[in-house]
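A quick write-up on the structure given underneath.
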Amino acid sequence: MDETIQKALELSGLKGLNPVQEMAVENGLLKGKNMVIAAPTASGKTLVAEIAMLKTIKEGKRAVYIVPLKALASEKYEEFRQKYESLGIKVAISTGDLDSSDHWLAKYDIIILTSEKLDSLLRHGIEWAGSIGLVVVDEIHLLNDLSRGPTLEITLTKLRQIANPRFLGLSATISNYRQLAEWLGAVGVKSDYRPVKLSKGVYFNKKLHFQGRETGLDSEGFEEALNEIILSTLSNGKQTLVFVSTRKSAEALAEKLGKKLYERLNPEERGGLEKVSKGVMDSLDHPTLQCKKLSEYVKRAVAFHHAGAVSRQRRLIEDAFKEGLIKVITATPTLAMGVNLPSYQVIIKDLKRFYSFKGLDYLPNL
């Protein structure tokens with residue numbers, strides 16, 4: 020086995036490659052080929068990127084990792100820094116001021132950026148652009164996004180002209196991966212490997228209709244059914260994400276659910292949640308009414324998550340969910356863009372959401 024793969028596996032605590040990673044290696048991951056990987060969530064795509072980045076750094080080039088959200092950038096930064104700084108690999112993150120050229124980034128081996136930030140850096144004429152050997156595009160299906168897609172497409176096109184790096188695109192939802200691979204001059208790799216079975220169901224007429232089976236519910240109305248489904252999952256020690264269409268809905272639902280959850284918490288959980296609640300309040304020098312609401316709901320093991328909360332609050336919520344303290348998050352679709360949360364159950368409550376360019380419309384397939 021290649022020593023780069025061995026090192027990546029060792030630092031990840033793994034003994035071998037899974038089917039997705041094997042396919043990537045077999046299709047030329049270590050031979051400098053461009054690649055677009057379409058594989059389900061949690062199928063190990065990030066490790067494929069890590070192997071490619073280690074190989075690139077070993078060859079004396081730097082790697083750029085593009086993500087759609089600041090929250091995802093922070094998550095990847097912490098993950099890569101903890102894993103690879105022991106090897107002397109320097110990891111940086113830059114998602115802030117779009118009017119800054121961030122010269123200090125020239126000292127780093129792995130640089131994590133949003134597409135908007137990378138576009139800004141290229142416009143500033145950064146001197147280290149020519150040393151980029153690999154560009155990883157996480158959530159590459161966002162090329163289709165009306166707000167982010169054009170910036171990402173133009174940025175990738177510029178990079179091909181400036182540095183002609185290797186490209187590695189990752190997506191859990193893309194169907195036209197061959198078309199994207201052709202555009203990038205890449206190999207398309209498709210896998211249906213999923214380490215955890217995914218069951219899909221629909222609530223209709225007081226029943227949960229899952230593939231091949233039905234479950235009757237005692238509840239009258241959807242709101243009561245929602246409570247019943249969440250509490251049933253909680254009684255099995257599992258957590259839930261609920262996606263709604265608006266910030267207002269996320270906050271209202273969090274308030275309702277919190278009243279049911281608090282009585283099920285043990286003293287240790289209540290103590291941990293008190294600390295998280297205080298952190299939420301202390302995130303701003305002058306807490307707003309929204310801060311106070313969020314802080315109060317967190318005490319009851321439920322939180323809302325949307326772009327109106329400050330980044331520190333969102334991070335506290337995500338961390339508390341990962342630790343198992345927060346049992347339910349009610350969120351707008353921004354949380355769906357790649358942030359890794361250990362949710363056993365996901366409920367999509369609203370089938371429509373608001374788009375600034377066309378108003379209320381059904382959720383797209385992606």
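Taken in order, the sequence shown gives residues 20 to 385; the numbers are from the numbering used here.
Using N, Cα and C, we set each Cβ at its ideal position, and we do this for glycine too.
In this text, all values refer to a predicted model and were calculated from it rather than measured experimentally.
Rounded straight-line distance, which links the Cα of residue j to that of residue i
i, j, result
"residue 161", "residue 193", "9 angstroms"
"residue 94", "residue 203", "27 angstroms"
"residue 201", "residue 298", "48 angstroms"
"residue 371", "residue 53", "36 angstroms"
"residue 336", "residue 309", "14 angstroms"
"residue 44", "residue 153", "16 angstroms"
"residue 321", "residue 79", "47 angstroms"
"residue 274", "residue 248", "17 angstroms"
"residue 62", "residue 305", "42 angstroms"
"residue 36", "residue 343", "28 angstroms"
"residue 97", "residue 231", "41 angstroms"
"residue 222", "residue 113", "42 angstroms"
"residue 188", "residue 255", "37 angstroms"
"residue 92", "residue 132", "7 angstroms"
"residue 250", "residue 58", "31 angstroms"
Simplified DSSP state of residue i, which is helix, strand or coil
i, result
"residue 166", "coil"
"residue 324", "strand"
"residue 349", "strand"
"residue 319", "coil"
"residue 358", "coil"
"residue 145", "coil"
"residue 299", "helix"
"residue 134", "helix"
"residue 209", "strand"
"residue 182", "coil"
"residue 108", "coil"
"residue 35", "coil"
"residue 23", "helix"
"residue 277", "helix"
"residue 377", "coil"
"residue 161", "helix"
Residue nearest to residue i in terms of C-alpha spacing, selected from the options
i, options, result
"residue 124", "22, 200 and 150", "150"
"residue 27", "209, 230, 91 and 69", "69"
"residue 197", "366, 34 and 55", "55"
"residue 219", "358, 208, 252 and 367", "367"
"residue 278", "171, 254, 185 and 319", "319"
"residue 280", "214, 315 and 328", "315"
"residue 347", "339, 258 and 361", "258"
"residue 382", "358, 264 and 363", "264"
"residue 105", "168, 64, 312 and 31", "31"
Outcome for residue i when other beta-carbon atoms lying within 10 angstroms are tallied against a minimum of 16
i, result
"residue 350", "buried"
"residue 110", "buried"
"residue 138", "buried"
"residue 148", "buried"
"residue 84", "buried"
"residue 184", "buried"
"residue 302", "buried"
> Which ranges does the beta strand (DSSP E) cover as unbroken runs of at least 3 residues, wholly within the segment 218–252, from first to last along the chain?
Replying inline: Counting only unbroken stretches of 3 or more residues, the beta strand (DSSP E) elements lying wholly within the segment 218–252 are 220–223, 226–229 and 232–235, in sequence order.
> Which full runs of the beta strand (DSSP E) of 3+ residues lie inside the segment 40–116, going along the chain?
Replying inline: Listed in chain order, the beta strand (DSSP E) elements of length 3 or more contained wholly in the segment 40–116 are 54–57, 81–86 and 110–113.
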